[in-house]
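Residue numbering for the sequence shown follows my numbering, beginning at 1 and increasing consecutively.
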Amino acid sequence: MVRPILLALFVIFSSNLHGQSTITFQLNMSPLIEKNLFHPEKGEKVFVRGNFNQWNGDDYQLSRNAESNVYRAAFSIDFSSGDSLEYKFIIKKEDDRIYWENKPNPENPDYANRIFVITETEHILPIAVFDYDEFIQYPFVFSKEKLQQDFAQMRQAVEEIHPALYDYTEKETLDLLFDHQYKLIDQNMDLEAFYGIASTVISKIGCGHTKLWIPAEYWNMAPSRLFPLKLFFSNKNKVFVIGSYSDSTPVPVGSELLSINNQTIGNINKLLESRASSDGFIKAYKSKRVEKQFAQDYALCYGYPDLFKIRYIPPGELEKETELTPVSIDEINKQTVRGSELSLKLIENGDAAVLNINTFAYYDRVPMFRAFIDSTFGVIRDQKIENLILDLRGNDGGDPFCSSYLFSYLEQSPVPYFAGSFGHYESLAAPIPLSENHFTGNLFTLIDGSGFSTTGHFCALLKYHNIGKFVGSETGATFTCTGSVRYIDLKNTKLILGTAQKRRYTAAVKNMDRTRGILPDYPVEPAQQDIIDGRDAVLDSVIKLIAKENEIVH
1 MVRPILLALF VIFSSNLHGQ STITFQLNMS PLIEKNLFHP EKGEKVFVRG
51 NFNQWNGDDY QLSRNAESNV YRAAFSIDFS SGDSLEYKFI IKKEDDRIYW
101 ENKPNPENPD YANRIFVITE TEHILPIAVF DYDEFIQYPF VFSKEKLQQD
151 FAQMRQAVEE IHPALYDYTE KETLDLLFDH QYKLIDQNMD LEAFYGIAST
201 VISKIGCGHT KLWIPAEYWN MAPSRLFPLK LFFSNKNKVF VIGSYSDSTP
251 VPVGSELLSI NNQTIGNINK LLESRASSDG FIKAYKSKRV EKQFAQDYAL
301 CYGYPDLFKI RYIPPGELEK ETELTPVSID EINKQTVRGS ELSLKLIENG
351 DAAVLNINTF AYYDRVPMFR AFIDSTFGVI RDQKIENLIL DLRGNDGGDP
401 FCSSYLFSYL EQSPVPYFAG SFGHYESLAA PIPLSENHFT GNLFTLIDGS
451 GFSTTGHFCA LLKYHNIGKF VGSETGATFT CTGSVRYIDL KNTKLILGTA
501 QKRRYTAAVK NMDRTRGILP DYPVEPAQQD IIDGRDAVLD SVIKLIAKEN
551 EIVH
């Protein structure tokens with residue numbers, strides 16, 4: 001018996017080649033229905049999006065013929081002869097999440113869109129089958145063979161590209177770890193399990209620029225059940241609640257978190273940190289990394305529960321238990337958008353100003369950054385500011401041409417920025433000329449574990465040359481690091497491997513510990529009461545210190 005082929009016809013009518021075109025799309029959805037990957041009975045729908053509707057919207061919906069699984073619709077699209085039509089089919093899930101076709105036309109660069117050129121008043125396109133991959137339906141399960149391929153690709157990439165692969169872990173040790181983790185891939189498994197195996201070995205390289213990223217496809221389709229609390233990880237191994245991504249969370253700010261779903265927060269943190277990359281295994285950076293991405297990292301390790309049962313201690317009370325409703329990735333992302341901040345704020349009733357620079361990543365806007373610094377120190381000169389508080393907390397690095405320019409206003413005499421000639425930054429191996437309005441007063445630099453990459457170089461130079469005092473907690477970067485990251489998509493899982501390349505960049509300092517960040521002269525971190533009151537304990541401590549020194553002088 002010959003089984004008929006089931007097709008979907010998508011017809012677009014037109015009457016004028018130079019105005020509107022009649023195009024017939026044909027799509028066969030039967031293979032996905034038979035494999036239980038597409039569920040029309042649950043309200044899942046099929047649309048087409050392309051350059052004719054700016055790759056957006058739901059106006060181009062296909063209607064199903066229930067007997068044949070044919071999806072058909074008619075539309076008018078404006079095109080002229082010779083125009084290229086690019087498009088993909090999409091599935092809209094029952095919860096309105098969108099799954100795009102994977103790579104239906106690999107020969108078309110970039111996004112592998114389907115493509116054809118309009119040459120006639122009518123077109124009937126070849127039969128299409130919806131192109132999908134493992135990310136079409138959660139959980140995302142990959143074959144043993146595909147995972148082994150990706151692991152081998154990852155290992156080969158870092159071994160061939162990384163400029164300092166064995167600086168912190170000897171080759172023999174790292175080779176044994178690679179071999180051990182590879183052997184753990186002994187069956188089909190989900191992406192979370194593979195990520196745990198792969199990220200554990202990558203973290204042992206001791207390079208904060210070399211890490212694995214979860215692809216957007218994962219978060220687009222993973223369950224919307226993430227941990228709802230915002231957390232602060234104290235240096236005293238305590239975790240405090242500093243807010244919530246949900247308005248309905250009953251846990252007050254300042255509460256100490258003890259456990260989640262019967263796992264102590266200490267054990268949870270230990271596992272998450274074991275997968276986090278950092279320069280020289282600096283714990284301060286690992287802790288901040290987990291703190292900032294706790295909800296996502298927790299899900300990758302422990303899954304997506306319907307409820308989070310927690311134990312906690314509210315301020316001034318005894319231990320309690322409660323259950324928390326999860327939040328979506330969108331709710332988290334809406335509250336964690338972080339822009340760059342360049343600001344100078346004068347402190348009232350005090351001879352001080354706060355210069356906030358939370359990133360040096362102005363690679364394509366170096367003139368803008370330099371203009372801001374010039375203007376800032378012009379104000380400091382005109383206002384006769386004697387105490388400058390430089391707030392670098394959260395600064396994850398950026399362009400050395402920016403940080404070295406700031407350094408030119410703070411150094412006491414011309415000194416080199418880098419210890420050698422590092423390609424594009426060759427000029428920074430020579431002494432950095434003093435800026436005309438360079439600062440000669442008292443400098444207080446605020447630091448924390450998020451300080452990374454270029455920020456480590458900059459702070460190391462200040463420390464080495466005794467320029468001012470550091471307040472806060474250890475930086476997440478030291479005086480040396482790799483950089484120039486190259487990003488590689490692993491073929492099957494789409495995990496993104498970021499690996500350093502080219503060289504190690506080292507500040508022009510001597511006898512500093514490459515396994516520790518820059519340590520504060522005045523260690524300060526928020527206490528529980530500071531969190532409750534919303535007080536910036538680090539900044540307040542500097543303002544009090546300045547006031548005290550002014551009293552002594554006068």
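Glycine is no exception: its CB is placed at the ideal position from the N, C-alpha and C atoms. All values derive from a computational prediction rather than experimental measurement.
Collapsed DSSP secondary structure at residue i in the structure displayed
{"i": "N261", "result": "coil"}
{"i": "L62", "result": "strand"}
{"i": "D536", "result": "coil"}
{"i": "C301", "result": "helix"}
{"i": "L545", "result": "helix"}
{"i": "G19", "result": "coil"}
{"i": "V46", "result": "strand"}
{"i": "P416", "result": "strand"}
{"i": "K309", "result": "strand"}
{"i": "K35", "result": "coil"}
{"i": "F25", "result": "strand"}
{"i": "V253", "result": "coil"}
{"i": "T376", "result": "helix"}
{"i": "M368", "result": "helix"}
{"i": "F444", "result": "strand"}
Beta-carbon proximity list for residue i, same chain, < 6 Å, skipping 5 on both sides
{"i": "I385", "result": "A353"}
{"i": "L406", "result": "I373"}
{"i": "H123", "result": "I23"}
{"i": "Y87", "result": "V48, G50 and R114"}
{"i": "D58", "result": "F47"}
Span separating the alpha-carbon of residue i from that of residue j
{"i": "Y166", "j": "I98", "result": "42 Å"}
{"i": "A112", "j": "K103", "result": "5 Å"}
{"i": "C459", "j": "F452", "result": "10 Å"}
{"i": "G456", "j": "T475", "result": "7 Å"}
{"i": "K211", "j": "S450", "result": "16 Å"}
{"i": "I310", "j": "D279", "result": "33 Å"}
{"i": "T121", "j": "H39", "result": "35 Å"}
{"i": "F470", "j": "N395", "result": "15 Å"}
{"i": "P520", "j": "L446", "result": "8 Å"}
{"i": "V366", "j": "F360", "result": "9 Å"}
{"i": "Q529", "j": "A537", "result": "10 Å"}
{"i": "L177", "j": "P106", "result": "35 Å"}
{"i": "G316", "j": "E256", "result": "11 Å"}
{"i": "V542", "j": "N550", "result": "12 Å"}
{"i": "E145", "j": "Y182", "result": "11 Å"}
{"i": "K92", "j": "E321", "result": "38 Å"}
{"i": "S484", "j": "A164", "result": "13 Å"}
{"i": "F116", "j": "A73", "result": "19 Å"}
{"i": "N16", "j": "Y425", "result": "In this predicted model, N16 has a pLDDT of only 42, less than 50, meaning its place in the structure is not dependable; the value taken from the coordinates is given anyway. Computed Cα separation, rounded: 58 Å."}
Own chain residues within Cβ distance below 7 Å of residue i, not counting five before or after
{"i": "D489", "result": "I496"}
{"i": "A157", "result": "I488, L497 and T499"}
{"i": "F130", "result": "L27, M29, L32, F89 and E101"}
{"i": "V379", "result": "L344"}
Cutoff 8 Å; reference residue i; Cβ partners in own chain excluding five residues on either side
{"i": "V290", "result": "F233, N269, L272, E273, A276 and D297"}
Anticipated Cβ contact below 8 Å, residue i with residue j, distance rounded
{"i": "T493", "j": "F142", "result": "6 Å"}
{"i": "A128", "j": "Q26", "result": "6 Å"}
{"i": "I33", "j": "N69", "result": "6 Å"}
{"i": "L428", "j": "S404", "result": "5 Å"}
{"i": "L300", "j": "Y195", "result": "6 Å"}
{"i": "A527", "j": "F418", "result": "That pair is no contact at about 38 Å."}
{"i": "T173", "j": "G206", "result": "That belief does not hold up - the Cβ atoms of T173 and G206 are roughly 11 Å apart, past 8 Å."}
{"i": "L633", "j": "I136", "result": "As displayed, the chain neither begins before 1 nor continues past 554, which places residue 633 out of reach and without an answer."}
{"i": "S244", "j": "P228", "result": "6 Å"}
Residue i: CB within 7 Å of a non-hydrogen atom of the ligand MN
{"i": "K45", "result": "With respect to small molecules bound, the structure shown includes none, and the ligand MN cannot be examined in it."}
Inset, instruction - With a floor of 3 residues, list each beta strand (DSSP E) that falls wholly inside the segment 51 to 119, ordered by position along the chain. - result: 61 to 65, 70 to 72, 84 to 92, 98 to 100 and 114 to 117
Inset, instruction - Please list the segments of the beta strand (DSSP E) lying wholly inside the segment 122 to 167, counting only runs of 3 or more residues, in order along the chain. - result: 122 to 129
Legend entry - alpha helix (DSSP H) runs wholly inside the segment 214 to 247, at least 4 long, in chain order: 216 to 221
Inset, instruction - Could you name each continuous alpha helix (DSSP H) segment of 4 residues or more that falls completely within the segment 450 to 485, going from the start of the chain to the end? - result: 454 to 464
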